[in-house]
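The letter at position 288 of the first sequence is residue 369 when you use this note's numbering, and the numbering goes up by one with no holes.
Where is the CB? At the ideal position from N, CA and C, for every residue including glycine.
Taking it in order: structure first as structure tokens, then the write-up.
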Amino acid sequence: MSVRLRFAPSPTGHLHVGGARTALYNYLYAKKMGGQFILRIEDTDVERSTEAALKMQIEDLVWLGLKWDEGVDPKTHESFGPHGPYRQSLRKSIYQEHAQKLLQQGKTYYDFRTDEELDAIKQQAEADGGFHRTARPEKIYSLEEAQAKLAKGEKAAVRFRVDDIRDYKLHDLVRGEVSFPSDMVGDFVILRSNGMPVYNFCCVVDDALMKITHVLRAEEHLSNTLRQQMLYEAFGYPTPHFGHLSLVLGEDRQKLSKRHGATSCHEYMERGYLPDALLNFIALLGWGTTDDKEIFSRQELIDAFSLDRLNPAGAVFDETKLKWMNSIHLRAMEHKELWKLIDPRLKAHGIECPQDAEWVDRALGLFKTSMETLEDAIPRFQPIDDRLFSIKDDAAEVFTWESTKKVLEAWKLGLESAPDYMTGEDFEKLQNGIKDSVGVKGKNLFMPIRVAVIGQPHGAELKILVPLLHKKSLLNRVDQCLKK
RNA sequence: GUCCCCUUCGUCUAGAGGCCUAGGACAACUCCCUUUCACGGAGUAGACACCGAUUCGAAUUCGGUAGGGGACGCCA
Numbered sequence: 082m083s084v085r086l087r088f089a090p091s092p093t094g095h096l097h098v099g100g101a102r103t104a105l106y107n108y109l110y111a112k113k114m115g116g117q118f119i120l121r122i123e124d125t126d127v128e129r130s131t132e133a134a135l136k137m138q139i140e141d142l143v144w145l146g147l148k149w150d151e152g153v154d155p156k157t158h159e160s161f162g163p164h165g166p167y168r169q170s171l172r173k174s175i176y177q178e179h180a181q182k183l184l185q186q187g188k189t190y191y192d193f194r195t196d197e198e199l200d201a202i203k204q205q206a207e208a209d210g211g212f213h214r215t216a217r218p219e220k221i222y223s224l225e226e227a228q229a230k231l232a233k234g235e236k237a238a239v240r241f242r243v244d245d246i247r248d249y250k251l252h253d254l255v256r257g258e259v260s261f262p263s264d265m266v267g268d269f270v271i272l273r274s275n276g277m278p279v280y281n282f283c284c285v286v287d288d289a290l291m292k293i294t295h296v297l298r299a300e301e302h303l304s305n306t307l308r309q310q311m312l313y314e315a316f317g318y319p320t321p322h323f324g325h326l327s328l329v330l331g332e333d334r335q336k337l338s339k340r341h342g343a344t345s346c347h348e349y350m351e352r353g354y355l356p357d358a359l360l361n362f363i364a365l366l367g368w369g370t371t372d373d374k375e376i377f378s379r380q381e382l383i384d385a386f387s388l389d390r391l392n393p394a395g396a397v398f399d400e401t402k403l404k405w406m407n408s409i410h411l412r413a414m415e416h417k418e419l420w421k422l423i424d425p426r427l428k429a430h431g432i433e434c435p436q437d438a439e440w441v442d443r444a445l446g447l448f449k450t451s452m453e454t455l456e457d458a459i460p461r462f463q464p465i466d467d468r469l470f471s472i473k474d475d476a477a478e479v480f481t482w483e484s485t486k487k488v489l490e491a492w493k494l495g496l497e498s499a500p501d502y503m504t505g506e507d508f509e510k511l512q513n514g515i516k517d518s519v520g521v522k523g524k525n526l527f528m529p530i531r532v533a534v535i536g537q538p539h540g541a542e543l544k545i546l547v548p549l550l551h552k553k554s555l556l557n558r559v560d561q562c563l564k565k
């Protein structure tokens, strides 16, 4: 039987990098084993789940390239696959049926306490010694009594009885043998008073019905597994294999959250990171191989992935290393593909560049070694656009030097007989010629030329930049300088 | 408070009793290349949380301590 894994986000915002890593591991294992990867939407919290957020989550997964075999359609959000629907909000009747089964068996009961009452109980418990577990209500109504009350319009949640006091053992894929005492949790809610089921319940019903074989999820769910095991037993469903992944942490070793800065894949996309680099990086946050290999393509990750190398300790998300990894992936890209990502970013900054393949190829060849992210292209390419050329204030000193005018004139003269595009060597030859003919060297030589190319005395390396500028463009710029 | 999990260089990690005077990568630092930067190359520095036990021998096994994290919701 082939493996079936799922990623089950709740749509409350953009995809978090921790979530992305969970999705990735599930995806990798499914692909590695030739099984299915399923996307299920956990939108039972109607307060927080939004259509807009669902769209974001899906777009982020698509950007990462984690394609799913069953789930909701990336465009229409309609379910596809044999065990649908894949949105929990559309599976209410399925949950109702399952809840009824437990109710009939007496494994659950109706709890008529209100939020206020529960809050008061919790507050009291905290005051008494910080013990938070929700206690059983003083009176539990029989099914008939409860149904009569409900018929009168009273609201009640359905709770699962935790009566069987014993140790539950879990063979965790990441942590090995873990055991929980069942009195670690109190009677827990499976159906809210508005009829909407809650996470632990849906999760069990869906994983069982969707025939999920392995569940890789964040460590924060470890204690939920106890409740879920109780439900699996109550239904008589086989339990999947669980693996609880360590958390992704911020620099202060706390769970990565907003206050640490960028936490969503979307933000990393905006900052100019490549999906392959981000994937490669998060894959190595809590998983690794025995060899020294660190740069993985998507396919290499699939081939190399294995559950027994998942690390139980939390891992700090270090953007510096991500940056380095991004630069490696960036350089490995085909120039044509890379340009498809860079050019729109330049245009967004009002930078227009030549589009012929030969020029693009040359430009990327020269610039990409100094770029870590796609955003780094902006300062690199900015000097290319003639319309953006201007003589900056910090060039003023250069124009006070006596030799500057002579250098600029010699530069112009040299340009006139130069080819449309000079090579780096052409440029050096020309520059050396000026050094000899005008008789200046050092900054008196370099700075005026740099100003005549980029409008300021410091910045781009001319040997790289000049070959990317058309002769006409260079002449235009030096003319502007000579008018000063 | 209760329960659960975790603990190797600053960070990600390799390490499954002798291969470890603990390996790699990022970052840092030094030097080389380079008439700025970057890339590249060569180096330097830097860790087994602590205490006991088992063993001829422990980063690796066991126990305890400390520290960190997570959970304790009609959130997921």
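What does a CB cutoff of less than 8 Å around residue 516 pick up in its chain, not counting 5 residues either side in sequence? Mapped onto the first sequence, residue 516 falls at position 435. Excluding positions up to five away in sequence, the list reads 522, 526.
Distance, residue 543 Cα to residue 476 Cα: Here residue 476 refers to the residue found at position 395 of the first sequence. Here residue 543 refers to the residue found at position 462 of the first sequence. Going by the C-alpha atoms only, they are around 16 Å apart.
Would you mind stating whether residue 144 and residue 425 have Cβ atoms separated by less than 7 Å? In the first sequence, residue 144 corresponds to position 63, counting from 1. In the first sequence, residue 425 corresponds to position 344, counting from 1. No, Cβ-Cβ distance for residue 144 and residue 425 is not below 7 Å.
Return the chain-ordered list of same chain residues with a C-beta closer than 7 Å to the C-beta of residue 344, the five sequence neighbours on each side being excluded. The residue you call residue 344 lines up with position 263 of the first sequence. The residues are 97, 98, 337, 338.
Euclidean distance between Cα positions of residue 269 and residue 165: Within the first sequence, the letter at position 188 stands for residue 269. Within the first sequence, the letter at position 84 stands for residue 165. Computed Cα separation, rounded: 27 Å.
Decide if residue 82 is buried, meaning its Cβ has at least 16 other Cβ atoms within 10 Å, or exposed. Stepping through the first sequence from its first residue, residue 82 is reached at position 1. Residue 82 comes out exposed.
How many angstroms separate the CA atom of residue 216 from the CA atom of residue 407? Taking the first residue of the first sequence as 1, we reach residue 216 at position 135. Taking the first residue of the first sequence as 1, we reach residue 407 at position 326. Taking the straight line joining both Cα atoms gives about 51 Å.
Given 8 Å, three or more beta-carbon pairs between the region 321-328 and the region 296-305: yes
Is residue 222 helix, strand or coil when you go by DSSP? One-based indexing of the first sequence puts residue 222 at position 141. Of the three classes helix, strand and coil, the one that applies to residue 222 here is coil, per DSSP.
Do the region 167-185 and the region 270-280 make contact, defined as three or more Cβ pairs closer than 8 Å? yes
Here's a check: name, in chain order, each residue in its chain whose Cβ is nearer than 7 Å to the Cβ of residue 104, leaving out the five neighbours to either side. By one-based count along the first sequence, residue 104 stands at place 23. For residue 104, where only same-chain residues beyond five positions count, the Cβ hits under 7 Å are 88, 142, 147.
Where residue 206 falls: helix, strand or coil (DSSP): On the first sequence, position 125 is the one that residue 206 refers to. Three-state result, residue 206: helix.
Looking only at its chain, what residues have a beta carbon closer than 7 Å to the beta carbon of residue 93, apart from the 5 residues adjacent to it on each side? The residue you call residue 93 lines up with position 12 of the first sequence. Only 129, 130, 134 meet the Cβ criterion.
Buried or exposed (CB count within 10 angstroms, at least 16 for buried), residue 262: Along the first sequence, read from residue 1 onward, the residue named residue 262 stands at position 181. Counting Cβ neighbours within 10 Å, residue 262 comes out exposed, since fewer than 16 surround it.
Quick one: Cα of residue 410 to Cα of residue 419, how far? For this step, residue 410 is matched to residue 329 along the first sequence. For this step, residue 419 is matched to residue 338 along the first sequence. Near 10 Å, if we compare the C-alpha coordinates of residue 419 and residue 410.
Which term fits residue 539, buried or exposed, when burial requires 16 or more other beta carbons within 10 angstroms of its beta carbon? If you number the first sequence from 1, residue 539 lands on position 458. The residue in question, residue 539, is exposed, as its Cβ has fewer than 16 Cβ neighbours within 10 Å.
Count the other CB atoms, across all protein chains shown, that sit within 10 Å of the CB of residue 461; report buried if there are 16 or more and exposed otherwise. Working through the first sequence from its first residue, we reach residue 461 at position 380. The residue in question, residue 461, is buried, as its Cβ has 16 or more Cβ neighbours within 10 Å.
Identity of the residues DSSP links to residue 324 by a beta bridge: In the first sequence, the residue the question calls residue 324 occupies position 243. Looking at the DSSP assignment, residue 324 forms a beta bridge with 297.
Indicate whether residue 116 and residue 85 have their beta-carbon atoms separated by less than 7 Å. Here residue 116 corresponds to residue number 35 of the first sequence, with the count starting at 1. Here residue 85 corresponds to residue number 4 of the first sequence, with the count starting at 1. Closer than 7 Å, so yes.
With distances taken between CB atoms, is the gap from residue 503 to residue 435 smaller than 7 Å? In the first sequence, residue 503 corresponds to position 422, counting from 1. In the first sequence, residue 435 corresponds to position 354, counting from 1. Against a cut-off of 7 Å, the Cβ pair of residue 435 and residue 503 comes out as no contact.
Using a Cβ-Cβ cutoff of less than 7 Å, which residues in the same chain neighbour residue 558 once the five nearest sequence positions on both sides are dropped? Locating residue 558 in the first sequence gives position 477, counting from the first residue. Cβ within range, chain order: 470, 533, 534.
Tell me where the alpha helix (DSSP H) around residue 529 begins and ends. Mapped onto the first sequence, residue 529 falls at position 448. Start and end: 524-535.
State yes or no: is the C-beta of residue 423 within less than 7 Å of the C-beta of residue 455? By one-based count along the first sequence, residue 423 stands at place 342. By one-based count along the first sequence, residue 455 stands at place 374. For residue 423 and residue 455, yes; Cβs fall inside 7 Å.
Using three-state DSSP, classify residue 515 as helix, strand or coil. Here residue 515 is taken as the residue at index 434 of the first sequence, counted from 1. Of the three classes helix, strand and coil, the one that applies to residue 515 here is helix, per DSSP.
Where do the ends of the alpha helix (DSSP H) carrying residue 189 lie? Here residue 189 is taken as the residue at index 108 of the first sequence, counted from 1. It is not in any alpha helix (DSSP H) - residue 189 instead sits in the beta strand (DSSP E) that spans 189-192.
So residue 331 and residue 341 are supposed to be a Cβ contact under 8 Å. How far apart are they, rounded? Against the first sequence, residue 331 aligns to sequence position 250. Against the first sequence, residue 341 aligns to sequence position 260. Correct: roughly 3 Å between the Cβ atoms.
Alpha carbon to alpha carbon, what distance is there between residue 554 and residue 480? Position 399 of the first sequence, counted from the start, is the residue given in the question as residue 480. Position 473 of the first sequence, counted from the start, is the residue given in the question as residue 554. Each residue's Cα considered, the two are about 21 Å apart.
Beta carbon of residue 529, beta carbon of residue 489: below 7 Å? As a first step, residue 529 is located in the first sequence; it is residue number 448 there, counting from the start. As a first step, residue 489 is located in the first sequence; it is residue number 408 there, counting from the start. A contact, by the Cβ cut-off of 7 Å.
Identify whether residue 386 lies in helix, strand or coil by the three-state DSSP scheme. Position 305 of the first sequence, counted from the start, is the residue given in the question as residue 386. Three-state DSSP puts residue 386 in coil, outside helix and strand.
Ordered along the chain, which non-local residues of its own chain (more than five positions away) have a Cβ less than 8 Å from that of residue 222? Counting from 1 along the first sequence, the entry for residue 222 is found at position 141. Closer than 8 Å at Cβ, skipping near neighbours: 190, 191, 193, 230.
Can you say whether residue 224 is buried or exposed, counting buried as having 16 or more other CB atoms within 10 angstroms of its CB? Residue numbering aside, residue 224 sits at position 143 when the first sequence is read from its first letter. By the neighbour-count rule (16 or more Cβ atoms within 10 Å), residue 224 is not buried but exposed.
My understanding is that residue 458 touches residue 448, with C-beta atoms under 8 Å, so please give their C-beta distance in whole angstroms. For this step, residue 458 is matched to residue 377 along the first sequence. For this step, residue 448 is matched to residue 367 along the first sequence. About 7 Å separates the beta carbons of residue 458 and residue 448, which is inside the 8 Å limit, making them a contact pair.
Ignore the nearest five residues each way along the sequence and tell me which others in residue 495's own chain have a CB closer than 8 Å to its CB. Counting from one through the first sequence, the residue named residue 495 turns up at place 414. 511, 514, 515.
If you draw a straight line from the alpha carbon of residue 152 to that of residue 102, how long is it in whole angstroms? By 1-based counting over the first sequence, the position of residue 152 is 71. By 1-based counting over the first sequence, the position of residue 102 is 21. Within the model, the alpha-carbon separation for residue 152 versus residue 102 is close to 19 Å.
I need the DSSP call for residue 565, collapsed to helix, strand or coil. To locate residue 565, count along the first sequence from 1; it is residue 484. Looking at residue 565 - three-state DSSP - the assignment turns out to be coil, as it is neither helix nor strand.
DSSP three-state assignment for residue 86, whether helix, strand or coil: The count along the first sequence starts at 1 and reaches residue 86 at position 5. The answer is strand: DSSP assigns residue 86 an E or B state.
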